[in-house]
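If you're matching positions, the sequence shown starts at -18 in our numbering and goes up one per residue.
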Amino acid sequence: MVNRRSAFGLVLVAGMAGPMVGAAGAAPIATPLAGSFAPFNEVSNVSGRQLGTTFVDLRSSPSGNRFVFIATLTGDASTNRGVFEMTTASTDITLRVQRGEALPADPGSSRSINLFNGAAQVNDSGQISFACNSTGSGSPTLYIMRDTDGQRDLIASNSEMVPGIPGASFAGANRTEGILNDGRVLYSFSINEPGVGQNDQSKWLADTLIVRANDNSFTPGRLPDGNPGLTDWGDFTQDRMRPLSQAGDSFVWLGRDNASVIGDRIEIVAVDNVAVVESRRPIPGQTGLGDVTSITGTWADPAGNWFVRGVIGGGEAGLDFVVRNGDVAMLRGTPIVPGSDWQWDRLSDTTTLAGVNFQIGSPDGQDYYIGGWALNQTTQERIEVVVKNGEEIILQSDDPVDISGNGQPDDNAFITSFVREIGTGTALIGDDGALYFLAQIRQGPNDLGRTLLRFGGDDVCVADLNGDGVVDADDFFLFLQLFADGDTRADINGDGVIDADDFFEYLALFAAGC
């Protein structure tokens, strides 16, 4: 096992019945969010029903004070999903919009909201944006919507005329990719234009066109040694554009070139239409690693830091990587923290599935977290880990989860695995400094399903090891016992080793109290 501290609590369990309350997990204690706690799968504004077994697409507001996800309610089919909201000030779960509701864009008709297309988004004031299609006959059938305290506004729909492009209409492939704090919605829609033989994908902020595929007026600026001969973007990967500022003047996105030029598509991550990483070329500033083969994701924190996740080489030997602002923050085969025997790796030597689960940054841009697989070079053991700032191991698979809320890791409940991000959000950092993440958990031999966990935060008192709210001799003697036993909770500085540095750091924390 990797030795390092652990502090997290259960926030939400999909599909788990029973009056589950409280929050704090393994010592040092993760303080519960403010407010009264309801059962974690209870929905505050839906009587007699709870969250179902399916929830995905975790998304945060810019400051991290709110987050939304797509989920079902118990008794519903897996397709009958809704958009749910939580805040860091309360663990109440609120249903915001659900499949089957009447379309506000078509009042009085028999048509209703059908399937949600991709993730919903939320801003700091609680406005949400979502993309959906509709049931019943008639047109339009695809929508970008904004909800403000229950008031729904239509932002765009298919068959609607495209602003600034004469004769063109929105066609399909609708997604919402952000909502700024001023209420402007960032979204995707393909365009049907007379005389153009294909529906070109496009990205919009309100009525402003940001970029359009197959249009040579949107030619990406290339890397200095970039692939030659490209004239414009060929298409874009859906749900992969992020605002880099709340002013709406800076973006990072993932797209592909026009394949007709060179006969093979090149994946490109661009910041404001200038490439920062390209497939078939090395990561800028890196030599000897080979060319990027594929780009599997992008992300941006509200402070303007951008992230790229991808693979160098191919097959079982592919080198998974994460780049942050142009610097390599993670690379397969390198130590997960300096000096560690654990290296970034994959689930097995024979898998072609990349080993990175997620990469995220804090709202203030100061911290970032990378989750993925690790291999011990001595024992050949493999586990999943979460590393903070490339320096501290904060979580791993098989860590305990506090279900009962008594502040102790005594529920025989553990993390089975972290949920891997594949086009969906699986982790975020709140405005309270806590890490919220999706994981599979188990209790004894029983799988408890997909779970939203809260780790750490500004209100965590590391010195209060037994979680009784007081820093006293009981905590000190507990630390001595944990230290002597080599227990992971004694790794106070999270460097993967239990040694004198942990002892003296705990003494300082103990003296400071809480």
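Idealized CB from N, CA, C, for every residue including glycine.
Just so it is clear, the structure is predicted and the values come from calculations on it, not from any experiment.
Check                                                                                                                                                        : Outcome
Examine the Cβ distances between the stretch 311 to 330 and the stretch 370 to 379 and report whether three or more of them are shorter than 8 Å.            : yes
On the three-state DSSP scale, how would you describe residue 199?                                                                                           : coil
Does the separation of the CB atoms of residue 83 and residue 99 fall below 8 Å?                                                                             : no
Considering just the uninterrupted stretch of the alpha helix (DSSP H) at residue 23, what are its terminal residues?                                        : Where residue 23 is concerned, there is no enclosing alpha helix (DSSP H), given that its DSSP letter is neither H nor E.
Thinking just about the alpha-carbon of each residue, which of 195, 140, 110 and 174 is nearest to the one in residue 164?                                   : 110
Under the three-state reduction of DSSP, which class applies to residue 328: helix, strand or coil?                                                          : coil
Is the Cβ-Cβ distance between residue 420 and residue 434 less than 8 Å?                                                                                     : yes
Out of 177, 446, 157 and 463, state which residue places its alpha-carbon closest to the alpha-carbon of residue 168.                                        : 157
Between the Cα of residue 271 and the Cα atoms of 250, 300 and 256, which residue gives the shortest distance?                                               : 300
Evaluate contact between the stretch 70 to 84 and the stretch 456 to 463, counting only Cβ atoms and requiring at least three cross-stretch pairs below 8 Å. : no
Which value, in whole angstroms, describes the spacing of the CA atoms of residue 206 and residue 451?                                                       : 60 Å
Report, in whole angstroms, the separation of the C-beta atoms of residue 329 and residue 365, which I expect to be a contact under 8 Å.                     : Wrong, their Cβ atoms sit about 13 Å apart, outside the cutoff.
Within the continuous beta strand (DSSP E) that includes residue 483, where are the two ends?                                                                : First-last for residue 483: 481 to 493, but that is the alpha helix (DSSP H), not the beta strand (DSSP E).
In terms of residue numbering, what span does the beta strand (DSSP E) encompassing residue 376 cover?                                                       : 373 to 377
Can you tell me the Cα-Cα spacing of residue 431 and residue 32, whole angstroms?                                                                            : 11 Å
Which one of 284, 483, 135 and 254 has the shortest CA to CA distance from residue 228?                                                                      : 284
Which term fits residue 211, buried or exposed, when burial requires 16 or more other beta carbons within 10 angstroms of its beta carbon?                   : buried
Restricting to Cα atoms, I'd like to know which of 91, 101, 97 and 22 is closest to residue 50.                                                              : 101
Looking only at its own chain, which residues have a Cβ that is under 6 Å from the Cβ of residue 149, when we skip the five neighbours before and after it?  : 143, 172 and 174
Could you name the residues that DSSP lists as bridge partners for residue 75?                                                                               : 66
If we ignore side chains and look at the alpha-carbon of each, how far apart do residue 7 and residue 383 end up?                                            : Interpretation of residue 7 is limited by its pLDDT of 31, a score under 50 that renders its predicted location unreliable; the figure taken from the coordinates is listed afterwards. Rounded to the nearest angstrom, the two C-alpha atoms are 6 Å apart.
Suppose contacts are defined by Cβ-Cβ distances below 8 Å. Is residue 48 in contact with residue 103 by that definition?                                     : yes
For residue 486, which residues in the same chain have their Cβ closer than 7 Å to its Cβ, ignoring the five residues on either side in sequence?            : 473 and 474
Helix, strand or coil for residue 402, going by three-state DSSP, please let me know.                                                                        : coil
If you count every other CB in all the chains shown that lies within 10 Å of the CB of residue 260, and 16 or more means buried, which is it?                : buried
Determine the burial state of residue 335: buried for a count of at least 16 other Cβ atoms within 10 Å of its Cβ, exposed for fewer.                        : buried
DSSP three-state label for residue 465, please.                                                                                                              : helix
Would you decide whether residue 426 is buried or exposed? Buried here means 16 or more other CB atoms lie within 10 Å of its CB.                            : exposed
Taking just the CA atoms, how far does residue 72 sit from residue 226?                                                                                      : 28 Å
Please list the terminal residues of the continuous beta strand (DSSP E) segment that includes residue 182.                                                  : 181 to 186
Quick check on residue -2: buried or exposed, where buried means 16 or more other Cβ atoms within 10 Å of its Cβ?                                            : Bear in mind that the predicted position of residue -2 carries a pLDDT of just 34, short of 50, making it too unreliable to give a figure here.
Indicate whether residue 436 and residue 415 have their beta-carbon atoms separated by less than 8 Å.                                                        : yes
Would you call residue 69 buried or exposed, if buried means 16 or more other Cβ atoms sit within 10 Å of its Cβ?                                            : buried
Classify residue 406 as buried or exposed, calling it buried when 16 or more other Cβ atoms lie within 10 Å of its own Cβ.                                   : buried
Looking only at its own chain, which residues have a Cβ that is under 6 Å from the Cβ of residue 85, when we skip the five neighbours before and after it?   : 133
Judging by CA-CA distance, which residue of 136, 204 and 220 is the nearest neighbour of residue 188?                                                        : 136
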